[in-house]
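J.: Could you have a look at this structure, given as structure tokens, before my questions?
Chains as they are written, first to last, in the working numbering: chain A, 1 to 283; chain B, 1001 to 1572; chain C, 2001 to 2395.
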């Protein structure tokens, strides 16, 4: 029987891992749900953000938050530029898969060209820092990532819920023709959303650089789980993405703590299948 | 039939390739091409045609791989004998999933994709942690490869070629069959397809099972080809992702599209394998793919076909003769007895009873939310009644699926027209003729559809796509589609709303003609002039209850009706 | 293209200056490496090693007086592509000799092809000796026939020779085939030696949540932690444990990315195994003095973060060396002749003396124990191979 401390530690670890899933799923969910674009290159952008953070931090010795402050606005512009291409060629949900896949491969090549395929690790003093809470330890960087994810998710939710632009975006996603008839300028707002989505990839990237290790092919490692998180959270629902991240993270982490770790995906994805089949209306 | 002959001829010609004495590499390269052709084409059977976007093709592929690996390397079963088992395992797996999932209306679109992705993860975890693999991988070096031809590469080549040809043949046959027509309709609007008579559950299950079975065989052959089977390589994101990309590139709604996409992408994998340009090469290939899909968004094959054969095909003008009345089935009475239906806490129908006799028009009126459309949805089988009995003459409809009810001769229209978006007007109507009570063969259905288009005045719009039609044309298309099923009972949901007075007059005339054929018509309408004009009897619904019934003038004079329609103050 | 020019330029300068330049039709040696995809980080080292070796060969007398051309293709980390590319090398490019790809899956796929065409097949990174049944394959990942027994034995021998040997062991391994193979062997060896295995866990290859695993190790509190890692999993695991305010007293990493582990602040005294490090006595091995500096320079130029020769590059050099030795000794390019010679002779290589006369063409297990000391890897066991003055530092 595992000790309570072990269980508690597993829950903490799962919540924080889930926060990172949620952070990555956030931008994906927004562009998929509200623009009907499935952006496979979201992961590539995140990893590019991570490599840039590494480059600025490890090589140019900038603090990671300075690096992030430089990267995020640039990514916002990149996201808008991407949307210009999508809009110009009227990319649909279906074709967006191929376009963004191609983009992800190009970004992977760019990363490998500049940083080689070899592993990179951004060593910082915070990498192994944590705070003690009773018998449990809460790792600093993961907590920061999780809090950032929560802040961004809530802010995005409020933005979509309460501002004119947000409401217009949601209306356009539900019925583009109707929203257009009411004079909602969907196209301009879509640029903003695409920029935000890319900027979130940049934020996620900065945390990946600090928390994880880097290799170009890792673009594809996150795909399956983050896809699952984005969909189960409800596409276009920022808070849902975060909660779904927690669900997957905690169920995997607890399985790892009490049973054979390699069985972890079975538990988390069986829960997901059961939810889908038994409570489809809740998803 | 020309493409089918071409396919057989190409297959036979390619089968002689191992005799040509080419270097083995070409067989090996073409093996991979045909391997992906089979995978991508099989994926599109469900996901391309019916729009059920599966991210789980890797699960069936992997099931086939590990079935073969376990049987051959573990139990000594001959390789070729293991392949049918691989297909069976994958088929059973998909049928089991489909039998549960396809009953749940919410699990469409991305939720279906998520579910299939999750199943892939679960399957991979089970294989990784049990004796099927356990981690070290399964090595098939000692499994004898049967010699179809002298060289092993030739043997693999022929196996993959055979599978690809069979898969393409199946895809071609399906796109030309009732099954294919039904799947395309499911893609556009599954609920409508079911109500038009498409047995959606059975069709989805059939397409899913076939799709998975082919993936299982492809996996079975591939296990032998790579000869070392590991979980990370088998259940990686590659298979589910690549089949999607190939289908998008080639055009997933055309039987040949995914195959062309597969050939292009597999060949492009080889374009830059030279050690020095590998990294740049990948980027160049990716850039080329982006350009192709941006310029040809509907896919390579449809784009090429469109260029070769512009869409302004000369459709023969619709024959002027009216639809033959001799084939109409004998009339029958629709009867609803004490029908109840609730949604969550809202009681939409409270013991509704009514009947419509052959050749009778019954007007169903009531304020918004009174349950008129719900009643139509319950009669047509879209929703099951909680209680009560609905019958068509002696035949009970209670508990029957919507497509079965359509087959018995119940057709409906939708208040807001719901044509199949990718079908021409003609095909929209032909679908109903194929799956409704008329049960026409596909060729016959088109002739039948032409007549109904002419009958509703849409003869010249046969090749138009729904988005090219205006509202009144779409309303008439709804009507033509409902009639093409040769209904004995016709449920009309506000066919007149939104039409101008001239259009209303012609529509009213049409409905009279239909009634003259002995059809029982239940007519939901807000437009009182038309109701009073057309109806033999009127049934008034309020909050799910019948509050009055009788001739139009009787019903409309009933005190409660006046109260409901005009408010209490006027009564007093 | 660029490389072609480089070779041409090298050939030109050598022919002008030395006079003994190779001439005639080049001997073409074909192989693939995972230059892109998930295996690319390590395959890159094999690419640099191979390029360095071929250039050096051509600066000298080439092979049999002929220049050598390395036909290198990218298998994209995919075994099925690897297989058909080896078919291309043999049947279309018609290369004279083969060189193996990177890592177990690809090597098995390529070995099937080599076997069908009776080609001699040297390779440098194969982790599952019992699966390699082809009589003309020649492994230079010098694990010996039973690495699941011998490698853990070496490690536990090294630990037993310290002042306070561990009594309890926790084993954590990725389900990557070769790592799992040796780690499950480590469990048996440890139990046979009377050590208590307090925890044995297998995790999925590609795991991203280390917190729960770290908590379990901390809970078990072993004297010694064996991590069957690949790449950077070990770094992540150490960090995750450090976050729980826990550091295992001794920790061993099976196949780590050497650079990042050496410099990681939490990796003090980390243990691993190796066949080559850049210090004596290894630097006295055949070719080391010449090849190591060039490799370092080339790797640094290619922007590789850890530009040193160790197991990976060492194995790669050895694979080229045995091929060169066999060709030179037999004056032949005939696969059977070369294979026969290799099975009968010992070859001096950068990683030591290799022989191929044991089960499945495996010889001795040449792996030694190394430790991170002052941010550098040094061999500490067996004693005769230890870096000058180095010994296994106790916790």
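Just so you know, even glycine gets a beta-carbon here, dropped at the ideal spot from N, CA and C. Note that this is a predicted model, so its numbers are computed, not measured.
To be precise: take each residue of the segment 2168-2182 of chain C, compare its Cβ to all Cβ atoms of chain B, and keep it if any distance is under 7 Å. Which residues remain?
T.: From the segment 2168-2182 of chain C, only 2175, 2177, 2180, 2181 have a Cβ closer than 7 Å to chain B.
J.: I want to verify the contact list: residues of chain C whose CB lies under 8 Å from the CB of residue 1233 of chain B, in sequence order.
T.: Going along chain C in sequence order, the residues near residue 1233 of chain B (Cβ under 8 Å) are 2078, 2079, 2105.
J.: Using a C-beta cutoff of 8 Å, does residue 1239 of chain B count as contacting chain C?
T.: It does not; no Cβ of chain C falls within 8 Å.
J.: Tell me whether the segment 2076-2091 of chain C and the segment 1226-1235 of chain B touch, counting them as touching only if at least three CB pairs, one residue from each stretch, are closer than 8 Å.
T.: Because the criterion of three Cβ pairs below 8 Å is met, the segment 2076-2091 of chain C and the segment 1226-1235 of chain B touch.
J.: Grab me the residues of residue 2378 of chain C's own chain with a C-beta within less than 7 Å of its C-beta, minus the 5 sequence neighbours each way, in chain order.
T.: The answer, listed in chain order, is 2277, 2279, 2370, 2371, 2387, 2390.
J.: Using a Cβ cut-off of 8 Å (strictly closer), state whether residue 1029 of chain B contacts chain C.
T.: Cβ-Cβ to chain C under 8 Å: yes for residue 1029 of chain B.
J.: If residue 1535 of chain B sits next to residue 1332 of chain B, beta carbons under 8 Å apart, how far is it from one beta carbon to the other, in whole angstroms?
T.: Not quite, the Cβ-Cβ distance comes to about 19 Å (not below 8 Å), so this is no contact.
J.: Mind checking the segment 1207-1232 of chain B against chain C and listing, in chain order, the residues whose C-beta falls within less than 8 Å of any C-beta there?
T.: Here the close residues are 1222, 1225, 1226, 1227, 1228, 1230, 1231, 1232.
J.: Which residues in the same chain have their Cβ closer than 8 Å to the Cβ of residue 1942 of chain C, if we skip the five residues on either side of it in sequence?
T.: A question about residue 1942 of chain C goes unanswered here, because the residues of chain C that appear run from 2001 up to 2395.
J.: Could you pull the start and end residues of the beta strand (DSSP E) that residue 1336 of chain B belongs to?
T.: Counting along the chain, the beta strand (DSSP E) containing residue 1336 of chain B begins and ends at 1334-1343.
J.: Starting from residue 2188 of chain C, trace the alpha helix (DSSP H) both ways and give me its first and last residue.
T.: Here the alpha helix (DSSP H) through residue 2188 of chain C covers 2177-2192.
J.: Is residue 3 of chain A close to chain C? Criterion is C-beta to C-beta, closer than 8 Å.
T.: Judged by the 8 Å Cβ criterion, residue 3 of chain A is in contact with chain C.
J.: If you draw a straight line from the alpha carbon of residue 1427 of chain B to that of residue 2213 of chain C, how long is it in whole angstroms?
T.: Roughly 59 Å separates the two Cα atoms.
J.: Based on Cα-Cα distance, which residue from B/1185, B/1274, B/1173 lies nearest to residue 2034 of chain C?
T.: The candidate whose alpha carbon is nearest that of residue 2034 of chain C is B/1274.
J.: Tell me the rounded alpha-carbon separation between residue 1540 of chain B and residue 1554 of chain B.
T.: Cα-Cα distance, rounded: 11 Å.
J.: Compare the Cα-Cα distances from residue 1436 of chain B to each of B/1081, B/1477, B/1545, B/1487 and report the closest residue.
T.: When each option's Cα is compared against that of residue 1436 of chain B, the closest is B/1487.
J.: Roughly how many whole angstroms lie between the Cα atoms of residue 2270 of chain C and residue 2130 of chain C?
T.: Roughly 29 Å separates the two Cα atoms.
J.: Taking residue 2044 of chain C as the reference, which of C/2180, C/2299, C/2204 has the closest Cα?
T.: The candidate whose alpha carbon is nearest that of residue 2044 of chain C is C/2299.
J.: Considering only the alpha carbon of each residue, which of C/2262, C/2220, C/2256 lies closest to residue 2248 of chain C?
T.: Comparing Cα-Cα distances from residue 2248 of chain C to each of C/2262, C/2220, C/2256, the minimum goes to C/2220.
J.: Between which two residues does the beta strand (DSSP E) containing residue 2032 of chain C stretch?
T.: Residues 2027-2033.
J.: Answer yes or no: does any C-beta atom of chain B fall closer than 8 Å to that of residue 2125 of chain C?
T.: Not an interface residue.
J.: Please classify residue 164 of chain A: is it buried, with 16 or more other beta-carbons within 10 angstroms of its beta-carbon, or exposed?
T.: Exposed is the call here.
J.: What are the start and end residues of the alpha helix (DSSP H) that includes residue 137 of chain A?
T.: Taken as a continuous stretch (DSSP letters only), residue 137 of chain A belongs to no alpha helix (DSSP H), being part of the beta strand (DSSP E) at 136-139.
J.: According to DSSP, what are the bridge partners of residue 1396 of chain B?
T.: In DSSP, residue 1396 of chain B forms a bridge with B/1391.
J.: Checking contacts by CB at 8 Å: is residue 1279 of chain B closer than that to chain C?
T.: Closer than 8 Å: yes.
J.: Starting from residue 2250 of chain C, follow the alpha helix (DSSP H) in both directions and report where the run begins and ends.
T.: No alpha helix (DSSP H) holds residue 2250 of chain C; the beta strand (DSSP E) holding it covers 2250-2256.
J.: Can you tell which of A/43, A/26, A/122, A/113 has the C-alpha that lies nearest to the C-alpha of residue 2263 of chain C?
T.: Comparing Cα-Cα distances from residue 2263 of chain C to each of A/43, A/26, A/122, A/113, the minimum goes to A/122.
J.: Assuming the contact rule is C-beta atoms closer than 8 Å, residue 1419 of chain B and residue 1475 of chain B should be a hit. Round their C-beta distance to whole Å, please.
T.: Not quite, the Cβ-Cβ distance comes to about 10 Å (not below 8 Å), so this is no contact.
J.: Residue 1230 of chain B by DSSP, collapsed to three states: which one?
T.: Reduced to three states, the DSSP call for residue 1230 of chain B is coil.
J.: From the DSSP output, in three-state form, read off residue 40 of chain A for me.
T.: Coil.
J.: Nearest by alpha-carbon distance to residue 2393 of chain C: which of C/2163, C/2169, C/2067 is it?
T.: Out of C/2163, C/2169, C/2067, C/2163 has the C-alpha closest to the C-alpha of residue 2393 of chain C.
J.: Can you check whether the C-beta of residue 2084 of chain C is within less than 8 Å of a C-beta belonging to chain B?
T.: Yes, residue 2084 of chain C counts as interfacial toward chain B.
J.: One question on the structure: do residue 1346 of chain B and residue 1381 of chain B come within less than 8 Å of each other, judged by their Cβ atoms?
T.: No, the Cβ-Cβ distance between residue 1346 of chain B and residue 1381 of chain B is not below 8 Å.
J.: If I follow the unbroken beta strand (DSSP E) through residue 1412 of chain B, where does it start and stop?
T.: Its beta strand (DSSP E) spans residues 1410-1412.
J.: Determine which residues of the segment 1259-1273 of chain B have a Cβ less than 9 Å from any Cβ of chain C, and write them out in chain order.
T.: Flagged, chain order: 1269, 1270, 1272, 1273.
J.: Measuring only between beta-carbons, confirm whether residue 151 of chain A sits less than 8 Å from chain C.
T.: Chain C contact via Cβ: absent.
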